Amino acid sequence: MDTLSYKTLTPNAQSVEKQWLVIDATDQHLGRLCSKVAKILRGKNKPSYSPNMECGDNVIIINADKVVLTGKKMTDREYLSYTGYPGGQRVATPEVLMKKSFNKHIKAGMHPLYIKVMKGMLPKNRLGRRLIENMHVYNGPNHPHEAQNPIVFDINKMK
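Under the working numbering, the first residue of the sequence shown carries the number 3, and numbering increases by one thereafter.
Take a look at the structure:
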């Protein structure tokens with residue numbers, strides 16, 4: 003047997019099959035939900051996973067306002083951001099970020115709390131910035147992505 007004739011197949015942009023998944027966040031814990039969504043966005047749940055490729059699926063999270071944080075994390079946890087100016091350090095709690103998601107000036111599908119949590123779970127490079135665009139988060143049960151024929155995915159059955 004000639005072992006030199008074997009070729010390692012690596013996925014490329016044309017060979018990757020992307021799906022649209024709908025995940026219901028009702029009564030889910032925020033960190034556990036987001037860690038599973040991060041695996042789906044990276045494509046780690048597929049056999050054709052490649053760490054340098056965007057081979058994950060598009061994820062639509064509905065009922066994002068019904069997510070659960072245990073203990074007093076909703077009011078006591080603090081997320082820091084910096085504007086770039088002297089004295090420009092800003093502090094926001096998950097409660098504030100959740101209220102901010104109901105503002106009409108925020109782009110639809112961009113939930114500040116989920117983006118803050120997911121950015122910590124994805125790579126901190128160009129790939130991570132592209133992957134976060136594949137996540138769409140909505141507070142209610144409705145979403146505008148019916149044309150993509152999304153598949154309803156039960157996140158509790160994922161390891």
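Beta carbons: idealized from backbone N, C-alpha and C, even for Gly. Owing to the predicted nature of the structure, the values given are computational and were not obtained by experimental measurement.
Fill in: According to DSSP, residues forming a beta bridge with Leu99
Stepping through the sequence shown from its first residue, residue 99 is reached at position 97. Secondary-structure assignment with DSSP links Leu99 through no beta bridge to anything.
- Item | Ala15, DSSP secondary structure in three states | By one-based count along the sequence shown, residue 15 stands at place 13. Here DSSP, grouped into helix, strand and coil, assigns Ala15 to coil.
Relative to the C-alpha of Lys68, which candidate in Lys161, Asp29, Ser37, Tyr8 has its C-alpha closest?
The residue you call residue 68 lines up with position 66 of the sequence shown. Among Lys161, Asp29, Ser37, Tyr8, the Cα nearest to that of Lys68 is on Asp29.
Sufficient close CB pairs (3 or more, under 8 Å) joining the region 41 to 59 to the region 73 to 88 = The region 41 to 59 is not in contact with the region 73 to 88.
*asked:* Three or more C-beta pairs under 8 Å: does that hold for the region 3 to 10 against the region 108 to 123?
replied: In the pairwise beta carbon analysis, the region 3 to 10 is classified as not touching the region 108 to 123: fewer than three pairs are separated by under 8 Å.
Where Asn60 falls: helix, strand or coil (DSSP)
As a position in the sequence shown, residue 60 is number 58, starting the count at 1. Of the three classes helix, strand and coil, the one that applies to Asn60 here is strand, per DSSP.
**Report entry** Minimum C-alpha distance to Asn127 - residue among Glu97, Glu56, Lys101, Ala149
**Finding:** As a first step, residue 127 is located in the sequence shown; it is residue number 125 there, counting from the start. The shortest Cα separation from Asn127 among Glu97, Glu56, Lys101, Ala149 belongs to Glu56.
(message) Let's see if you can read the secondary structure: which residues bound the beta strand (DSSP E) around Val139?
(response) On the sequence shown, residue 139 is found 137 positions in, with the first residue counted as 1. Residues 137 to 139.
message = Using only the alpha-carbon positions, how far apart do Asn158 and Pro88 sit?
response = Residue mapping note: residue 158 aligns to position 156 of the sequence shown, counting from 1. Residue mapping note: residue 88 aligns to position 86 of the sequence shown, counting from 1. Roughly 45 Å separates the two Cα atoms.
Practice prompt. Mark Tyr140 as exposed unless 16 or more other C-beta atoms lie within 10 angstroms of its C-beta, in which case mark it buried.
Written response: Mapped onto the sequence shown, residue 140 falls at position 138. With at least 16 other beta carbons inside 10 angstroms of its own, Tyr140 counts as buried.
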